[in-house]
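Visitor: Have a look at this one before I ask anything.
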Amino acid sequence: MPLYETVLIARNDVSQAQVETLVENISGILGEHGGTIRKREFWGLRTLAYRIKKNRKGHYVLLGIEAPVEAMNEMSRQMGLHDDVLRLLTLRVDEIDETPSPILSRKDDRGDRGSRGGASRSGGRYESGRGGRRHSDSSETRDHNAAAAE
């Protein structure tokens, strides 16, 4: 049977439970035609690159599907009619990669970046590190300014 990868974007108004129900509906449609979902990845709520149907965010889901062509056509038709689905992209692949996708691995790496606060940064006239002088006011500069003032 052919293998497919499908990325689905659901509206941001729906809850995570409703997105999982939507995936179960897809599983039911594929099951009726002899197909199965071999991989499920919920990427969560992400910002869209541009507005789609007046939405700026959407729930992303990656599905690895093994199904005949008729099942995929029916699934695409049903999801195209569904109000909660913003976009659906299906690609035929040679094999379904069981490892986590780069999107999920990148999301896990974000915790290593450190804080954005200015407490660890030096420079600037404010503690946040914004604006002001870039160089610290050393004692040599102060001595030079004091001598010039006399």
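With UniProt numbering, letter number 51 in the sequence shown gets 51, and the count goes up by one each step, no holes.
All residues carry an ideal CB built from backbone N, CA and C; glycine is no exception.
Give the range of the alpha helix (DSSP H) segment to which residue 196 is assigned.
Guide: Absent from the model: residue 196. The displayed extent of the chain is 1 to 150, so no value can be given.
Visitor: The alpha helix (DSSP H) that contains Val14, what's its start and end?
Guide: Looking at the DSSP string, Val14 is not in any alpha helix (DSSP H), and its letter there is neither H nor E.
Visitor: Anyone know if the C-beta pair for Val61 and Ile96 falls short of 9 Å?
Guide: No, they are not a contact pair.
Visitor: Which residue wins for smallest C-alpha separation from His82, given the options Thr47, Arg11, Pro100?
Guide: Nearest option by C-alpha distance: Arg11.
Visitor: Run through the DSSP bridge pairs and tell me what Lys39 is partnered with.
Guide: For Lys39, which the question treats as bridged, DSSP gives the partners Gly64.
Visitor: Of all the options Val14, Gln18, Ile29, which has the alpha carbon lying nearest to the alpha carbon of Glu70?
Guide: Checking every option, the nearest Cα to that of Glu70 belongs to Ile29.
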